[in-house]
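So for the sequence shown, this note's numbering puts the first residue at 1219; every next one is plus one.
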Amino acid sequence: MMIGLTSKGQENHLELLDTIPDKLGFAGSFAGKLGKGIVSAGGAQFQDGIPPWDSGVKIWTDKLFYLENEKSRWVEIGKLPYKVGYGASASFNGKFYIAGGSNQQEHFNKVLEISIDNQRIKFIELPNLPITLANCSFSQYGSYWYVVGGQENVDSKTALNRVFKLDFEDLESGWVELPPIPGNGRILSASAANELGLYVFSGASLNDGKRTYLKDGFMFNGSKWVGIESCPVAITAVSNPGVELQKNQFIFLSGDSGELIDSDLRENHPGFSRKVYTYTADKNSWEITCEIPSQIKTERGEIKEIIAPVTATAIHWNNSVIIPGGEAQPAVRTNQVLKFKK
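Encoded structure:
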């Protein structure tokens, strides 16, 4: 099922792939390429879909789901060694990697390499992150994997401004700490990377646990951080990383502007931004590429609701952005899998 989204003379396509085989879905899942397919692993949901304002309990999963190709169905092929979500993901040379993350008891500094052979999953422990962290952003360029900001512990009242890099071609050197992001630390920021450097936008700073939503942008050029064009609005908790579908153009879908942070809408929350943003690095500019529709009509004539998810991972696969699951509105998850292509 596909719909054409026209903007600025271009046609962009949004499609739904097979849903994650869980009736509620998960937010904060790790996701990436594994072998010939893609994987979605870990994350959290509210047990039986009961929200926290009705005494619902947030639970984490260790399930690992695999999609071999765009026409196939997701299958559960194993479990992570522990229940975890809200960490960093990467893919390199057919293998999948996760770092950090949290569950209800703790934050992690563990790093795992995950490989698949004849539907059998293998885990290898890699050098730990220097600190425990979750609610970070992350991005990758070639063999370089970046992990940005986050919170160090379950009860942390402030956010981190620390940045770490791992080179998959030099694992013996472990994680290298880069200079900190200017200003306050941040959780749930937007990150992207290319040959020019590492880009970090938005997110939220924490003051005694209270969020301040940010729009600012910075680029690390290999030696120092420089200020770059801010986002039009905050895109906190946007799917990470920004995907470079065209050279120097990073795609970010949805995000939380923070406009409703002090409201008490509960189940009446309208959901998150439907805008698709593009940051063009060589022009240092932002534009709204298109919007995610609320519904699409399938080839069978069925009407399907489309969720604009946050706290999800974006995968660059087959020249498309794939987003498995995520948060539809506060305490509500989705099992949908979005495919966006320019």
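Glycine included, each C-beta is placed from N, C-alpha and C at the ideal position.
Per the coordinates, the alpha-carbon of Gly1473 lies some 18 Å from the alpha-carbon of Gln1467. Straight through space, the alpha carbons of Gly1421 and Ile1446 are spaced by roughly 15 Å. DSSP places Pro1542 in the uninterrupted beta strand (DSSP E) bounded by Ser1538 to Pro1542. One alpha carbon belongs to Asp1335, the other to Glu1286, and they sit about 13 Å apart.
The Cβ neighbour count for Thr1454, taken over all protein chains shown within 10 Å, is at least 16; the residue is labelled buried. Counting C-beta pairs closer than 8 Å gives three or more between the region 1405-1420 and the region 1456-1471, which meets the contact rule. Using a Cβ distance threshold of 9 Å, Gly1261 and Ala1245 count as a contacting pair. Under the rule that a run must span 3 or more residues, the beta strand (DSSP E) segments found entirely inside the region 1364-1395 read 1378-1385. When rounded, the separation of the alpha-carbon atoms in Gln1323 and Gly1519 is 46 Å.
For Asn1425, the secondary structure class from DSSP, reduced to helix, strand or coil, is strand. Counting the other CB atoms within 10 Å of its CB gives Gly1440 a total below 16, which places it among the exposed residues. Where Ala1352 is concerned, there is no enclosing beta strand (DSSP E), because DSSP gives it neither an H nor an E. With respect to Lys1281, Asp1240 sits close: the two C-beta atoms are nearer than 9 Å. DSSP places Glu1485 in the helix class (H, G or I) of the three-state scheme. DSSP places His1534 inside the beta strand (DSSP E), whose first and last residues are Ile1533 to Trp1535. Rounded to whole angstroms, the gap between the alpha carbons of Leu1384 and Leu1414 is 17 Å.
Leaving aside the five residues that flank Val1394 on each side, the residues in its chain whose CB is nearer than 6 Å to its CB run, in chain order, Lys1383.
If you draw a straight line from the Cα of Ala1411 to the Cα of Tyr1359, it is about 6 Å long. The residues Leu1252, Glu1331, Ile1332 and Ser1333, in chain order, have a CB closer than 8 Å to that of Lys1313 in the same chain once the five nearest residues on each side in sequence are set aside.
Under the DSSP assignment, Phe1248 falls in the beta strand (DSSP E) whose first and last residues are Phe1248 to Leu1252.
For Asp1266, DSSP assigns no beta-bridge partner whatsoever. Leaving aside the five residues that flank Arg1484 on each side, the residues in its chain whose CB is nearer than 6 Å to its CB run, in chain order, Trp1271. Excluding five sequence positions before and after Ile1277, the CB atoms of its chain that fall closer than 6 Å to its own CB belong to Gln1265, given in chain order. Beyond the five residues adjoining it in sequence on each side, Ile1256 comes within less than 8 Å, by CB distance, of Ala1249, Gly1250, Tyr1284, Leu1285, Ile1533, Trp1535, Ile1540 and Pro1542 in the same chain, given in chain order. Here DSSP, grouped into helix, strand and coil, assigns Trp1504 to strand.
Counting only residues of its own chain and dropping the five nearest sequence neighbours on each side, Gly1319 has a CB closer than 6 Å to the CB of Val1302, Gly1303, Tyr1304, Gly1305, Phe1326 and Ala1352. Closest option to Glu1370, judged by alpha-carbon separation, among Val1381, Ser1361, Tyr1362 and Trp1363: Val1381. Counting the other Cβ atoms within 10 Å of the Cβ of Gly1427 gives fewer than 16, which makes it exposed. Separation of the CB atoms of Lys1493 and Glu1509 is rounded to 6 Å, and the pair is thereby assigned contact status at 8 Å. Nearest C-alpha to Pro1400 among Asp1388, Glu1390, Gly1392 and Leu1378: Leu1378.
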